[in-house]
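Numbering (this note's numbering), first residue to last: 338 to 752. Following: one structure in structure tokens, then a few remarks.
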């Protein structure tokens, strides 16, 4: 165990928790706690959207996809762009009519209270399940680094994240997202540089081997009404359709994302944040897919069996092969992604619980301070729920595909 790397990781965990904790003084109302007072700039919200959208599943799951396949997964990102255009011009005008906290308040306005409760309940259940998978994903990394059991690893990361989310609300979530997003993009860039330096021949050799293995294949424009075609995992037309519908639903109806859009100063800033986030997500997916391809060449040249399951390939390489100091920074970047996503989930789950269930059910008028207290209680309760689901999620297969599968179940109906 390398103590310098562990020191870097520990300093990060304590530092980001302290940074988020500093925002506790500004939480005077539900608007402050749930929407950050609508004071965040559009670029910060854009980075926060990406943090909530990708997280640890991207960091450890995406390299595994290209390690085993090619760049085909990137086709779905073009569907993400189409969805963002749909949301920007069809959904946002409705969300910025009135003072909304959740997507489901709009459902009440258009379809009544019963539909609001149904859609909000669906969000609570499926978001908790999907985030539970993400909580488990980070335990893979922590258990590799610290040698702890998965349960201890899950408990550690949830406890630290809930500390600043409990006090700082959405303001803490957005600004810690910004810091953590910059950190794990920098970590990915550092990984690319270090792994390439580990391979004799560098990039020319990687490009030659990867090209021969078909690793750079990106687009598959084929289409046929056959079972063989629909058995393919990734094609361009499936990526456009699936990515568009998935993202229109997730970013247009899921409170985790809608809450960020509602936190913008106005509709124009919300639109800029959403569209700018696509540029970042495209770069990010490309970087992590390239890491998987380079690791494919690395293990092939070394004639060494890669770790199994494939989700362990990238974190295992970081901890076993990265230089001292670099490994600590990259592991901290992976933890950053996890904490960003957990904090986003906790805040959105608490928001929906209070705004769509507790407050409408109150028989007498209560103060903002009362609901602010309940919001913090709800944050703690949902942290315990995510911890439990994370423990149960250990046998659900690929963490990336499990997370996407769970999240996609209700989206058709919500959309």
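Positions of the beta carbon are idealized from the N, C-alpha and C atoms, including for glycine.
Find the nearest neighbour of residue i within the set the options, judged by alpha-carbon distance.
i	options	result
residue 685	715, 673, 668	715
residue 406	551, 352, 456, 388	551
residue 399	519, 474, 374, 615	474
residue 575	558, 587, 365, 588	558
residue 520	506, 670, 729	670
residue 455	701, 488, 590	590
residue 458	366, 680, 687, 543	687
residue 516	356, 723, 679	356
residue 464	350, 674, 360, 390	390
residue 387	587, 722, 701	587
residue 721	445, 362, 498, 344	498
residue 754	645, 633, 593	Residue numbering for the chain in the displayed model covers 338 to 752; residue 754 lies beyond these limits and cannot be assessed.
residue 401	482, 469, 358, 651	651
residue 509	372, 622, 698	372
residue 678	363, 384, 364, 361	384
Report buried or exposed for residue i, applying the criterion of at least 16 other Cβ atoms within 10 angstroms of its Cβ.
i	result
residue 451	exposed
residue 449	exposed
residue 736	Because the pLDDT of residue 736 is 48, which lies under 50, any placement of that residue in the model is unreliable, and the number read from its coordinates should be weighed accordingly. It is buried - the Cβ of residue 736 has at least 16 other Cβ atoms within 10 Å.
residue 540	exposed
residue 342	buried
residue 620	exposed
residue 705	exposed
residue 353	buried
residue 660	exposed
residue 560	exposed
residue 340	exposed
residue 554	exposed
residue 572	buried
residue 437	buried
residue 513	buried
residue 462	exposed
residue 505	buried
residue 466	buried
residue 445	buried
residue 453	buried
Measure the C-alpha to C-alpha separation of residue i and residue j and round it to an integer number of angstroms.
i	j	result
residue 347	residue 530	24 angstroms
residue 503	residue 369	13 angstroms
residue 376	residue 527	33 angstroms
residue 666	residue 500	22 angstroms
residue 563	residue 626	29 angstroms
residue 636	residue 524	21 angstroms
residue 682	residue 629	28 angstroms
residue 655	residue 672	13 angstroms
residue 395	residue 676	14 angstroms
residue 729	residue 507	28 angstroms
residue 534	residue 511	35 angstroms
residue 658	residue 668	13 angstroms
residue 601	residue 403	35 angstroms
residue 518	residue 397	15 angstroms
residue 366	residue 447	26 angstroms
residue 345	residue 351	10 angstroms
residue 633	residue 646	14 angstroms
residue 471	residue 483	19 angstroms
residue 425	residue 596	14 angstroms
residue 570	residue 689	34 angstroms
residue 674	residue 495	13 angstroms
residue 567	residue 618	26 angstroms
If you follow the alpha helix (DSSP H) that residue i is in, where does it begin and where does it stop?
i	result
residue 710	705 to 729
residue 678	663 to 690
residue 600	It is not in any alpha helix (DSSP H) - residue 600 carries neither H nor E in the DSSP assignment.
residue 511	487 to 535
residue 369	367 to 372
residue 642	It is not in any alpha helix (DSSP H) - residue 642 carries neither H nor E in the DSSP assignment.
residue 412	412 to 423
residue 396	Premise fails: residue 396 is in no alpha helix (DSSP H) and is neither H nor E.
residue 571	Note, residue 571: premise wrong, no alpha helix (DSSP H); not H, not E.
residue 658	650 to 658
residue 344	340 to 358
residue 463	450 to 483
residue 545	539 to 549
residue 430	429 to 432
Does the CB of residue i have a neighbour CB from chain C at under 8 angstroms?
i	result
residue 521	The displayed structure is made up of one protein chain only, and chain C is not part of it.
Report yes if the C-beta of residue i is less than 7 angstroms from at least one heavy atom of the ligand SAM; otherwise report no.
i	result
residue 646	Because no ligand of any kind appears in the structure shown, any question about the ligand SAM cannot be addressed here.
For this session: Check whether the segment 533 to 547 touches the segment 704 to 712, counting contact only when three or more Cβ pairs, one atom from each stretch, lie closer than 8 angstroms.
Result: no
Exercise. How about the segment 419 to 434 and the segment 634 to 646: do they share at least three Cβ pairs that are nearer than 8 angstroms?
Worked result: no
For this session: Report yes or no: do the segment 433 to 447 and the segment 677 to 696 share at least 3 C-beta pairs separated by less than 8 angstroms?
Result: yes
For this session: Count the CB pairs spanning the segment 406 to 423 and the segment 575 to 584 that are closer than 8 angstroms, and state whether there are at least three.
Result: In the pairwise beta carbon analysis, the segment 406 to 423 is classified as touching the segment 575 to 584: at least three pairs are separated by under 8 angstroms.
For this session: Say whether the segment 377 to 386 touches the segment 598 to 606, bearing in mind that this needs 3 or more beta-carbon pairs closer than 8 angstroms, one atom from each stretch.
Result: yes
Exercise. Between the segment 483 to 494 and the segment 609 to 616, do three or more beta carbon pairs fall short of 8 angstroms?
Worked result: no
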